[in-house]
Amino acid sequence: MVDEFFLKSLIQITHGEIRLIDKERDIRRIGQTKEEEDPFFTDEIFFNDVLERRPEASIDIFWEDDVYYARVRRKGIQGWILAGPVQTVVGAAPALKIAQKHKIEAASYRLPYCELKTFLEAMKLLLYEETGEKVCLSELYTKQQPEPEQQKFFEKKRWMEKGGHLHNPYQHEQKKLGSIRAGNLKLLEECQNEVWPGEIGQLADNPLRQEKNLSIVVISIACRAAIDGGVAPQKAFSMSDVFISNIERMTQVLPIQAAVVEYEREFARAVEQVKHDSEHNRYVERAKEYVAEHIDESIRVVQIGEALGINENYLTGLFHKYEGITLQHYIRKEKVRQAKELLLYSSYSCSEIAALLCFSTQSHFSSAFKREVGMTPAKYRESKIQRG
């Protein structure tokens, strides 16, 4: 269980207040915050809402604009630890908003500044010290659930770590992109959770615009990696468009960082699916090759299955899954496609074409052709000659 010395050390790191809350909801402040400047004291509704939201969670990170808080469940006793508020941007505006919202005298109210990453790392450490639970930041955000009415959290929260003063290592980026190309979700998650010396270069003066610009770069590069991994360009570009559009609509830094990490994983999942599909698609492609090579024969699905060395029913299901039509229908379509070529570019009669393509009778050929094309073979040839 965490002791007071540890909590005071965290206050020195984050500059924000930390409180112990007992089962009666009495507040004991570890730092020097005055009651009249504590939003959990001045705004009872806010205080109760914080304690009642997601009661099953061992840790809960939440925010109001650029002001962040954390709640950690105490181990062995009924109660909580509340940390914050801290502002993650420089300026007086966040404090003014908090004062107005939580009935604090605005004239003298100030909020402590803490870099967002520092605050989150401190809360991760607090969780471990109190409960023994080890989490990396990406895992921490899987625990956050959406509250649509406050727009505080959304599904699958993730966090992409940053730090230091040098640029992020090139090897780290290559490893991450390689994991996307390979569709290796586990390796990608390991890369995302790695702690490395360095920081992202500055792309804009405004923190929100900086994060959006960075996100667009990351999404664009991940998109190319997914294409290299086998994802169809049109699909990858469509994913990228949707992801970037989502980023542009966001108004907070942390949700953007969380979303980008999830978007990288979506690209990796897309590659993984393509590789999985291609493994099964080889039977589909070989079935198509068999049909093309035996188009002038009577083709039965069981024969194709035997030629490929797989069960007829399995092949039928596989073909329908990836092509959207039955294998028998595909055989008919291919025979009709070949018949159309012969009708246009040969002098064979309809009965001769029916025999060449191994239809059982001319009537069967005519019926199959009309089902696919909408007219009889004779009408088709006649219409093409007239347009000639």
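Mind the numbering: the sequence shown is residues 1 to 388 in full-length UniProt numbering, read in order. Note that the Cβ used here is the ideal one computed from N, Cα and C, for glycine as well.
CB of residue i within 8 Å of CB of residue j, strictly
{"i": "residue 216", "j": "residue 122", "result": "no"}
{"i": "residue 51", "j": "residue 81", "result": "no"}
{"i": "residue 68", "j": "residue 119", "result": "yes"}
{"i": "residue 7", "j": "residue 30", "result": "yes"}
{"i": "residue 104", "j": "residue 64", "result": "no"}
{"i": "residue 356", "j": "residue 296", "result": "yes"}
{"i": "residue 260", "j": "residue 219", "result": "yes"}
{"i": "residue 183", "j": "residue 275", "result": "yes"}
{"i": "residue 72", "j": "residue 130", "result": "yes"}
{"i": "residue 100", "j": "residue 106", "result": "yes"}
{"i": "residue 212", "j": "residue 247", "result": "yes"}
{"i": "residue 11", "j": "residue 18", "result": "yes"}
{"i": "residue 84", "j": "residue 70", "result": "yes"}
{"i": "residue 331", "j": "residue 299", "result": "yes"}
{"i": "residue 44", "j": "residue 109", "result": "no"}
Min CB distance residue i to chain B below 8 Å
{"i": "residue 11", "result": "No chain B is part of this structure, which consists of one protein chain only."}
Residues of its chain near residue i, where Cβ-Cβ distance is below 7 Å and the 5 sequence neighbours each way are ignored
{"i": "residue 336", "result": "368, 369, 372 and 373"}
{"i": "residue 207", "result": "89 and 253"}
{"i": "residue 243", "result": "219 and 263"}
Residue range of the unbroken alpha helix (DSSP H) whose run includes residue i
{"i": "residue 30", "result": "No alpha helix (DSSP H) holds residue 30; DSSP gives it neither H nor E."}
{"i": "residue 227", "result": "207–228"}
{"i": "residue 249", "result": "233–249"}
{"i": "residue 135", "result": "Taken as a continuous stretch (DSSP letters only), residue 135 belongs to no alpha helix (DSSP H), as it is neither H nor E."}
Own chain residues within Cβ distance below 8 Å of residue i, not counting five before or after
{"i": "residue 15", "result": "86, 112, 113 and 114"}
{"i": "residue 344", "result": "381 and 384"}
Chain-order list of residues whose beta-carbon lies under 6 Å from that of residue i (same chain, five-residue window excluded)
{"i": "residue 290", "result": "304 and 307"}
{"i": "residue 177", "result": "225"}
Residue i, enclosing beta strand (DSSP E) - first and last residue
{"i": "residue 94", "result": "From DSSP, residue 94 is part of no beta strand (DSSP E) but of the alpha helix (DSSP H) over 93–101."}
{"i": "residue 404", "result": "Outside the shown range of the chain, which is 1 to 388, sits residue 404, and nothing can be said about it."}
{"i": "residue 67", "result": "67–73"}
{"i": "residue 60", "result": "59–64"}
{"i": "residue 20", "result": "18–21"}
{"i": "residue 86", "result": "80–87"}
Local Cβ density within 10 Å of residue i, reported as buried at 16 or more and exposed below that
{"i": "residue 239", "result": "buried"}
{"i": "residue 309", "result": "exposed"}
{"i": "residue 233", "result": "exposed"}
{"i": "residue 229", "result": "buried"}
{"i": "residue 1", "result": "exposed"}
{"i": "residue 366", "result": "buried"}
{"i": "residue 152", "result": "Legend: pLDDT at residue 152 = 37, less than 50; position of this residue unreliable, value from coordinates given subsequently. Flag for residue 152 reads buried."}
{"i": "residue 102", "result": "buried"}
{"i": "residue 390", "result": "The structure shown does not extend to residue 390, since the chain is modelled only from 1 through 388, so no value can be given for it."}
{"i": "residue 251", "result": "exposed"}
{"i": "residue 179", "result": "buried"}
{"i": "residue 171", "result": "exposed"}
Where are the alpha helix (DSSP H) runs, 4 residues long or more, that stay fully inside the region 291–379, in chain order? 301–308, 312–323, 327–345, 350–356 and 362–373
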